[in-house]
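Enquirer: Encoded as structure tokens, here's the structure I'll be asking about.
There are 2 protein chains.
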Amino acid sequence: MKELKIMVPSSEQCSYTIKIGTDILPQVWEQIEGRFGKKGKFIITDENLAAAGHLDKLTGEREIPTFIINPAGETSKHINTVISIIDEMEKCALGRDTIVIALGGGTVGDIGGFAAAIFKRGVPVIQIPTTTVAQADSSIGGKTGVDSALSKNAFGAFWHPAAVFIDPATLKTLDDRQYRAGLVESVKHALIANSDYFEFIESNIDAILSRDTDVLETMAVHNCKIKGAVVEADPLEKNRRRMLNYGHTIGHAVEQASGYELLHGEAIAIGITGAGLIEMELGLGTKDRLERIETLLKKIGVPVSIPGNLTENKLVNLIKHDKKAVQKRPRFVLIDEIGHIHQKNGQYALNVEREIVENVIKKLKNR
Amino acid sequence: MKELKIMVPSSEQCSYTIKIGTDILPQVWEQIEGRFGKKGKFIITDENLAAAGHLDKLTGEREIPTFIINPAGETSKHINTVISIIDEMEKCALGRDTIVIALGGGTVGDIGGFAAAIFKRGVPVIQIPTTTVAQADSSIGGKTGVDSALSKNAFGAFWHPAAVFIDPATLKTLDDRQYRAGLVESVKHALIANSDYFEFIESNIDAILSRDTDVLETMAVHNCKIKGAVVEADPLEKNRRRMLNYGHTIGHAVEQASGYELLHGEAIAIGITGAGLIEMELGLGTKDRLERIETLLKKIGVPVSIPGNLTENKLVNLIKHDKKAVQKRPRFVLIDEIGHIHQKNGQYALNVEREIVENVIKKLKNR
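Here is the structure:
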């Protein structure tokens, strides 16, 4: 089992470990008992994870109070689900000496992390991510959130996990489209921080797509190192952490405009291509470099152009309301070269002229 | 205007100031604008504060988006109120660069603080407490929470304010029973930390009851110093902060058993008397000392014995489930003398034999 340590200065605990290994799920419970034996345990997972047998692998013969999110997926990422979970925890007579275990993808991690953050003023959470996007990205970093009736992530908290366990074997049962879309987060990490890692993904793309657990373990280590270093430096997203938003300005707008029919990773693939076009306009990137990135995204099987049914106007308007925007001027995270983020005056999110953005949106649509 | 600084090591901001002064409310908004001018503002208050004119005093001619809790009081301290507030903030198109201003008593502070803690992963909150209990106690310390359908404070967060403004003039419009009950928190502070302050309350009790703002300002300074020092030393209530629970073990049980017909401060007055009886049993206190404390509580006009309709069995059971209990053994915070907390092996909450507790409950009922 590989082990990484993340130092998060602002959290109560100050650090947590990420353990990575294939088929570790059956051993995880003993490790949890070893460290949190005296605490009450409560598992949050979803119907897919239960059906795929991962919940049983984790708990074995033990009887642990569990909340199974149903239906699995984004529609359940709602404050009402959190209220049902807290009610269930109360019915189980759990107190402040409880630890929550979130077993699942990004949605489960978000719901479970947020429920832990607000149950009786906060109890620790252990994240056990089971999707490509959660293992590469969302399980590390402490962002949690759920939607209101009106908007996404209206409710949320920064709540760093007490521990993370990553078992690439859990990816074997993941739906193919979800699997591929989640790989885009790994490409993003490579692009912003490590050109060797980018080459590794290029060279091993067939093994990655056939879900070779050795290669997936190596990727998990890379992803956790890259994301961990950024979160350590800026746990509350004041500046540096914004580099993780590479591809996200256009990506989020495309995701929203599609009514969330595009998966997050699919939208980010389009956003990464868009960032590449902006870099070319600003003299930060070459056509060859963008083609190299696009080739990899196409092999992964994610889109690199904007679907025909999304209008340019709508996208431009959504970009103005992006969370990184300042006074409705869109801001972008960009790279100088593969593996190296671009900075200007110490800032990671930069203003880009409106004309350039509109031009790039046009190009992204008509290719 | 008097000014105190509280250092809270675990919060994002690391410190906040408490400003205290009579009739400062009309100047507060300019101070907020001076420090948080660029942020969107959102006020949370209740119908009583609006009716008493305090909201208008705060905002003047300005049009500030405001959520008025209705009805005022404990029944609104519910997760559903927080959901309505977050929806309203979304409708006002407020983003992560928002500051919440909570103007009101403990309930408003709890609701407003918790809403701020979870709106888009947390925005700052300014507390402007307007009741004796909130000015003495709940506005400082960062505890926030609301109830679920099943239990009290099921949802909550530690969320330290960005600033606190205390205007004793706002107490003038407070209901008499609420006013008196809230004074018990000041007595509690004096008992655990400062015998001079206890004498000050004794000597000035008539001026206090006639709501003399000079005396109330002095009390606010004492309360903030005492509570601030405890919160600085132990912001997340690991040990030392438990001393603030003096009188709370029996107090909480009595409050619950009464179905919350007793106000918090009234129940704590009974709890303080109970703690005094336990101190006598353990040789930590004298009959004279307890009589002195009871005399003051009686002058304030709060109960010092358990109402006849509450059964001893129910109380003993509730005490077993107190949050300070360890394996159902009740724990108590006690004092050595007026102004000095009792410690044993560095612990502030001590086990007390069940027989002693039952005996004391009997005595508290039949006096």
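Chains Y and A, in that order, give the protein sequences. Quick note: the first sequence, position 88, residue 177 per the working numbering, numbers continuous. Quick note: the second sequence, position 352, residue 441 per the working numbering, numbers continuous. Quick reminder that beta carbons are idealized off the backbone N, C-alpha and C, glycines included. Since the model is a prediction, treat every value here as computed from it, not as a measurement.
State the Cα-Cα distance for the pair Y:Ala-246 and Y:Lys-232, rounded to the nearest angstrom.
Expert: 6 Å
Enquirer: Pull out every residue of the region 208 to 230 of chain A whose Cβ sits closer than 9 Å to any Cβ of chain Y, in chain order.
Expert: Residues of the region 208 to 230 of chain A whose Cβ lies closer than 9 Å to any Cβ of chain Y, in chain order: Phe-208, Lys-209, Arg-210 and Gly-211.
Enquirer: Does the pairing of the region 274 to 285 of chain Y with the region 420 to 433 of chain Y give three or more beta-carbon distances under 8 Å?
Expert: yes
Enquirer: How big is the Cα-Cα spacing for Y:His-410 and A:Ala-182?
Expert: 10 Å
Enquirer: I'd like the list of long-range same chain contacts for Y:Glu-136, defined as Cβ closer than 8 Å, with 5 residues on each side in sequence excluded.
Expert: Within the same chain, Y:Glu-136 has close Cβ partners Ile-157, Ile-158, Asn-159, Pro-160 and Ala-161.
Enquirer: Name the chain Y residues that come within less than 7 Å of A:Ser-240, Cβ to Cβ?
Expert: Glu-179
Enquirer: Since Y:Gly-129 is in the beta strand (DSSP E), which residue starts that stretch and which ends it?
Expert: First-last of the beta strand (DSSP E) with Y:Gly-129: 129 to 135.
Enquirer: Output the distance between the C-alpha atoms of Y:Arg-330 and Y:Met-96, rounded to the nearest integer angstrom.
Expert: 14 Å
Enquirer: Check this for me: beta carbons of Y:Ile-382 and Y:Ile-359, under 7 Å apart or not?
Expert: With contacts defined by Cβ atoms closer than 7 Å, Y:Ile-382 and Y:Ile-359 do not form a contacting pair.
Enquirer: Examine chain Y for any beta-carbon lying closer than 7 Å to the beta-carbon of A:Ile-200, and answer yes or no.
Expert: no
Enquirer: Starting from the N-terminal side, write out each stretch of the beta strand (DSSP E) that is 3 residues or longer and does not extend beyond the region 350 to 410 of chain Y.
Expert: Look at the region 350 to 410 of chain Y and you find no whole run of beta strand (DSSP E) that is 3 residues long or longer.
Enquirer: Which residue comes first and which comes last in the alpha helix (DSSP H) that contains Y:Asp-265?
Expert: 265 to 282
Enquirer: Just checking my contact of A:Gly-428 with A:Phe-203 at CB under 8 Å: how many whole Å lie between their CB atoms?
Expert: Between A:Phe-203 and A:Gly-428 the Cβ distance is about 33 Å, and since that is not below 8 Å, they are no contact.
Enquirer: In chain order, what residues of the same chain lie with their CB nearer than 6 Å to the CB of A:Ser-228, ignoring the 5 residues before and after it?
Expert: Gly-198, Gln-216, Pro-218 and Val-253
Enquirer: Below 9 Å on C-beta distance, what does A:Pro-232 contact in chain Y?
Expert: Before going further, note that residue 232 of chain A is Lys rather than Pro in the sequence given. Per Cβ cutoff of 9 Å: Arg-210.
Enquirer: Between which residues of its own chain and A:Leu-371 is the CB-CB distance below 8 Å, once the five residues before and five after are set aside?
Expert: Correct list, in chain order: Leu-423, Val-441 and Ile-445.
Enquirer: Measuring only between beta-carbons, confirm whether Y:Asp-176 sits less than 7 Å from chain A.
Expert: yes
Enquirer: Rounded to a whole number of angstroms, what is the C-alpha to C-alpha distance between Y:Glu-401 and Y:Leu-439?
Expert: 22 Å
Enquirer: Please tell me whether Y:Ser-104 has its Cβ less than 7 Å away from any Cβ of chain A.
Expert: no
Enquirer: Could you tell me whether the Cβ atoms of A:Asp-176 and Y:Ser-237 are closer together than 7 Å?
Expert: Yes.
Enquirer: When the cut-off is 7 Å and only beta carbons count, does Y:Ser-237 lie next to chain A?
Expert: yes
Enquirer: Less than 6 Å between C-beta atoms, sequence neighbours within five positions excluded: which residues of the same chain meet that for Y:Ile-294?
Expert: Apart from the 5 residues on each side of it in sequence, Y:Ile-294 sits with its Cβ closer than 6 Å to the Cβ of Lys-388 in its chain, given in chain order.
Enquirer: Quick one: which residues of the region 339 to 365 of chain Y get their C-beta closer than 8 Å to a C-beta of chain A? List them in chain order.
Expert: none
Enquirer: How long is the line joining the alpha carbons of Y:Leu-138 and Y:Gly-211, rounded to whole angstroms?
Expert: 25 Å
Enquirer: Can you find a CB in chain A that lies within less than 7 Å of the CB of Y:Gly-245?
Expert: yes
Enquirer: Starting from Y:Gly-195, trace the alpha helix (DSSP H) in both directions and tell me its first and last residue.
Expert: 195 to 207
Enquirer: Please list the partners that Y:Ile-172 has in chain A, where partner means a Cβ-to-Cβ separation under 8 Å.
Expert: Ile-168 and Ser-237
Enquirer: First and last residue of the beta strand (DSSP E) that includes A:Ile-217?
Expert: Note, A:Ile-217: beta strand (DSSP E), 214 to 218.
Enquirer: A:Ala-258 touches chain Y at which residues, Cβ-Cβ below 7 Å?
Expert: None at all; the shortest Cβ gap to chain Y is about 32 Å.
Enquirer: Measuring alpha carbon to alpha carbon, tell me which of Y:Met-369, Y:Val-304, Y:Thr-362 and Y:Leu-351 ends up nearest Y:Asp-256.
Expert: Y:Val-304
Enquirer: Where do the N-terminal and C-terminal ends of the beta strand (DSSP E) with Y:Asp-425 fall, by residue?
Expert: 424 to 426
Enquirer: Which residue marks the beginning of the beta strand (DSSP E) containing A:Gly-162, and which one marks its end?
Expert: Neither: A:Gly-162 is in no beta strand (DSSP E) and is coded neither H nor E.
Enquirer: What does Y:Ala-322 reach in chain A if we use C-beta pairs closer than 8 Å?
Expert: The premise fails here: Y:Ala-322 is roughly 15 Å from chain A at the closest Cβ pair, so nothing lies under 8 Å.
Enquirer: Quick check on Y:Gly-340: buried or exposed, where buried means 16 or more other Cβ atoms within 10 Å of its Cβ?
Expert: buried
Enquirer: Can you tell me whether A:Lys-128 is buried or exposed, with buried defined as 16 or more other CB within 10 angstroms of its CB?
Expert: buried
Enquirer: If you measure from the CB of Y:Ser-240, is any heavy atom of the ligand NAD nearer than 6 Å?
Expert: Summarising the ligand content, the structure contains no ligands, and the ligand NAD is consequently not present.
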